[in-house]
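Protein chains: 2
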Amino acid sequence: MADYNLKDQVSDKYSLRGRVFHKIREDILNGKYKTGEELREATIGEELGVSRTPVREAFRQLELEGLLKMVPNKGTYVTGITQKDVKDIYMIRSLLEGLCARLATENITDEQMNEMEENVYLSEFHESKGHYDQMAQMDNRFHEILYESCDSKMLEHLLRDFHQYVYRVRKMTLSSEKRGKASNLEHREIMEAIKAGNCDKAEKLANLHMINAYDNMRKNGLIEMFDQDDSAKK
Amino acid sequence: MADYNLKDQVSDKYSLRGRVFHKIREDILNGKYKTGEELREATIGEELGVSRTPVREAFRQLELEGLLKMVPNKGTYVTGITQKDVKDIYMIRSLLEGLCARLATENITDEQMNEMEENVYLSEFHESKGHYDQMAQMDNRFHEILYESCDSKMLEHLLRDFHQYVYRVRKMTLSSEKRGKASNLEHREIMEAIKAGNCDKAEKLANLHMINAYDNMRKNGLIEMFDQDDSAKK
DNA sequence: TATAGGATAATTGTATACAATTATACAGAA
DNA sequence: TTCTGTATAATTGTATACAATTATCCTATA
Numbered sequence: 002m003a004d005y006n007l008k009d010q011v012s013d014k015y016s017l018r019g020r021v022f023h024k025i026r027e028d029i030l031n032g033k034y035k036t037g038e039e040l041r042e043a044t045i046g047e048e049l050g051v052s053r054t055p056v057r058e059a060f061r062q063l064e065l066e067g068l069l070k071m072v073p074n075k076g077t078y079v080t081g082i083t084q085k086d087v088k089d090i091y092m093i094r095s096l097l098e099g100l101c102a103r104l105a106t107e108n109i110t111d112e113q114m115n116e117m118e119e120n121v122y123l124s125e126f127h128e129s130k131g132h133y134d135q136m137a138q139m140d141n142r143f144h145e146i147l148y149e150s151c152d153s154k155m156l157e158h159l160l161r162d163f164h165q166y167v168y169r170v171r172k173m174t175l176s177s178e179k180r181g182k183a184s185n186l187e188h189r190e191i192m193e194a195i196k197a198g199n200c201d202k203a204e205k206l207a208n209l210h211m212i213n214a215y216d217n218m219r220k221n222g223l224i225e226m227f228d229q230d231d232s233a234k235k
Numbered sequence: 002m003a004d005y006n007l008k009d010q011v012s013d014k015y016s017l018r019g020r021v022f023h024k025i026r027e028d029i030l031n032g033k034y035k036t037g038e039e040l041r042e043a044t045i046g047e048e049l050g051v052s053r054t055p056v057r058e059a060f061r062q063l064e065l066e067g068l069l070k071m072v073p074n075k076g077t078y079v080t081g082i083t084q085k086d087v088k089d090i091y092m093i094r095s096l097l098e099g100l101c102a103r104l105a106t107e108n109i110t111d112e113q114m115n116e117m118e119e120n121v122y123l124s125e126f127h128e129s130k131g132h133y134d135q136m137a138q139m140d141n142r143f144h145e146i147l148y149e150s151c152d153s154k155m156l157e158h159l160l161r162d163f164h165q166y167v168y169r170v171r172k173m174t175l176s177s178e179k180r181g182k183a184s185n186l187e188h189r190e191i192m193e194a195i196k197a198g199n200c201d202k203a204e205k206l207a208n209l210h211m212i213n214a215y216d217n218m219r220k221n222g223l224i225e226m227f228d229q230d231d232s233a234k235k
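Top line first, the protein sequences correspond to chains A and B.
Quick note on numbering: the first sequence equals residues 2 to 235 in my numbering.
Quick note on numbering: the second sequence equals residues 2 to 235 in my numbering.
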């Protein structure tokens with residue numbers, strides 16, 4: 002029973018259903034399955050070499066995660082993210098990442114602090130070299146560390162979900178050169194505020210980090226991308 | 002496809018699985034199934050007159066909602082809420098209810114505003130008469146209206162989940178006389194701030210409302226209740 | 001041609017069967 | 001007694017079978 006959460010991740014990665022779950026999830030986030038696309042249980046099952054049973058169980062969970070929508074007796078469809086959704090998510094994340102940074106200031110372990118520092122340095126290196134893929138990975142990890150450091154399973158899972166949910170957007174955002182540089186600087190400032198034990202500053206900077214990320218997306222027209230494939234949705 | 006959400010509720014209430022889902026969920030929240038208790042798929046299925054298949058699908062969703070924990074090849078257990086969880090939830094809710102109130106100030110419809118006013122008046126009436134059950138219902142509805150008024154499906158579902166998640170606690174909280182009165186007053190103030198279009202005030206008051214609710218719980222020793230049945234968890 | 005109706009096919013929803021894993025009970029040895 | 005190993009039972013994990021619902025296509029008719 003040890004560990005439980007508001008929205009526990011699917012933990013048994015090595016059961017059939019666990020593999021199916023993670024595979025479909027990945028394929029949605031990577032864009033293999035497009036918004037509005039219908040997923041057939043039998044087809045997915047064949048592709049992955051399993052029967053419909055584990056596929057359906059995975060579908061049900063992905064539905065609750067908001068990536069799929071199961072319409073009774075009709076089919077299962079990939080859900081899209083609207084511009085409004087993205088805006089709302091960043092509004093919510095701004096507050097929660099702020100809270101997370103505040104809590105992290107009080108609860109971060111030495112080990113986590115070290116990894117965060119290392120992350121900041123490495124990311125700046127990759128930025129200077131133009132390694133955008135690695136930067137995206139570093140960015141991912143920075144936030145993961147932050148989430149782990151706040152010592153709140155509730156908050157951690159909540160933020161992780163949001164983080165993944167906007168994955169499709171973020172990938173592109175970071176490849177914009179200027180944002181990459183600015184983002185790195187903001188990470189550094191947050192890291193230093195946490196290290197200095199200044200929770201107010203850490204909270205404010207984390208708030209701002211999200212607002213800036215969103216503003217950047219908007220300015221670069223990266224949001225208009227959404228609400229487009231909706232034609233496929235009927 | 003019309004409607005999709007980060008964490009959509011289980012919508013097909015009238016399918017077998019939908020009924021199973023809502024029944025089990027209710028039985029957990031009402032305390033019929035206790036923390037740490039093991040739920041057998043076959044047993045639940047028999048009780049509800051269905052096979053294991055819909056039961057398992059419901060389990061998988063309840064797991065993601067955090068009410069159940071499925072341990073591979075072992076069993077499914079009712080998860081508990083720890084004191085820490087309650088604290089974290091109220092911290093998070095404080096921020097999000099604040100945001101919600103701010104957005105509601107801008108987006109509430111006349112109809113919703115009327116229902117909210119009516120709710121406040123009715124709740125004060127029930128308080129004066131000592132109708133605690135009705136008050137609890139009114140309290141529930143007040144927050145529901147607030148969530149609906151913010152015009153953000155994301156935030157609405159998030160808050161609804163949290164709201165339900167601490168249902169077990171809140172029931173008792175409101176039966177404490179003093180808190181009932183104070184809670185009503187706070188609802189009135191929030192309602193009036195929204196009506197006056199003062200979003201800053203609405204946000205602050207909603208923040209405070211959650212903090213007060215939590216403080217009250219703590220003062221009255223209603224939190225020590227948790228972390229108790231944990232003996233069953235091994 | 002365009003439309004309505006109905007047979008057929010395809011897909012989802014649920015039940016059941018079987019495999020894999022884990023729990024239980026009991027016998028025997030230290 | 002207490003521990004260990006093994007056989008048995010119970011439970012979960014997955015596959016398959018069948019029922020219910022929905023989509024598709026063809027035909028007949030205006």
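Backbone N, C-alpha and C define an ideal beta-carbon position, used for all residues, glycine too.
Where does the unbroken beta strand (DSSP E) through residue i begin, and where does it stop?
i, result
"Lys70(A)", "69-72"
"Tyr78(B)", "76-79"
Classify residue i: buried if its beta carbon has 16 or more other beta carbons within 10 angstroms, exposed otherwise.
i, result
"Ala105(B)", "buried"
"Gly222(B)", "exposed"
"Asn249(B)", "There is no way to answer for residue 249(B), as the model of chain B reaches only from 2 to 235."
"Val79(A)", "buried"
"Leu7(A)", "Note that Leu7(A) scores a pLDDT of 34, beneath 50, so its modelled location is shaky and nothing firm can be said."
"Glu107(B)", "exposed"
"Arg18(A)", "buried"
"Ser150(A)", "buried"
"Asn115(B)", "exposed"
"Thr36(B)", "buried"
"Gly81(B)", "buried"
"Tyr15(A)", "exposed"
"Tyr122(A)", "exposed"
What did DSSP end up calling residue i once you bin it into helix, strand or coil?
i, result
"Ser16(B)", "coil"
"Glu39(A)", "strand"
"Gly50(A)", "coil"
"Asp111(B)", "helix"
"Ser153(B)", "coil"
"Glu118(B)", "helix"
"Thr83(A)", "coil"
"Asp224(A)", "Reading the sequence as shown, one finds Ile at residue 224(A) and not Asp. In this structure, Ile224(A) counts as coil in the three-state DSSP scheme."
"Gly99(A)", "helix"
"Glu58(A)", "helix"
"Glu66(B)", "coil"
"His132(B)", "coil"
"Val170(A)", "helix"
Compare the beta carbon distance of residue i and residue j with 8 Å and say whether it is the shorter of the two.
i, j, result
"Leu68(A)", "Thr77(A)", "no"
"Ala148(A)", "Arg161(A)", "The sequence shown places Tyr at residue 148(A), not Ala. For Tyr148(A) and Arg161(A), yes; Cβs fall inside 8 Å."
"Arg103(A)", "Glu204(A)", "yes"
"Val21(A)", "Leu49(A)", "yes"
"Gly99(B)", "Asn217(B)", "no"
"Gly181(A)", "Glu128(A)", "yes"
"Leu40(A)", "Gln165(A)", "no"
"Asn141(A)", "Ala183(A)", "no"
"Glu38(B)", "Arg53(B)", "no"
"Ser95(B)", "Met211(B)", "yes"
"Thr206(A)", "Ile93(B)", "Sequence check: residue 206(A) is Leu here, not Thr. No; because the gap between Cβ atoms is not below 8 Å, this pair is not in contact."
"Gln1(A)", "Ile224(A)", "Outside the displayed range of chain A (2 to 235) lies residue 1(A), so it cannot be described from this structure."
"His188(A)", "Phe143(A)", "yes"
The alpha helix (DSSP H) that contains residue i, what's its start and end?
i, result
"Ile191(B)", "178-196"
"Tyr34(A)", "Segment: none, Tyr34(A) is in no alpha helix (DSSP H) and carries neither H nor E."
"Glu204(A)", "200-220"
Return yes when the C-beta of residue i is under 7 Å from any heavy atom of the ligand ADP, and no when it is not.
i, result
"Gln138(A)", "Judged by which ligands are present, the structure shown has none, so any question about the ligand ADP falls away."
With a cut-off of 8 Å, do at least 3 Cβ pairs link the segment 197-206 of chain A to the segment 141-161 of chain A?
no
Take every Cβ of the segment 131-142 of chain A, pair it with every Cβ of the segment 87-100 of chain A, and state whether three or more of those distances are shorter than 8 Å.
no
State whether the segment 49-65 of chain A contacts the segment 49-61 of chain B, with contact taken as three or more CB pairs (one from each stretch) at a distance under 8 Å. yes
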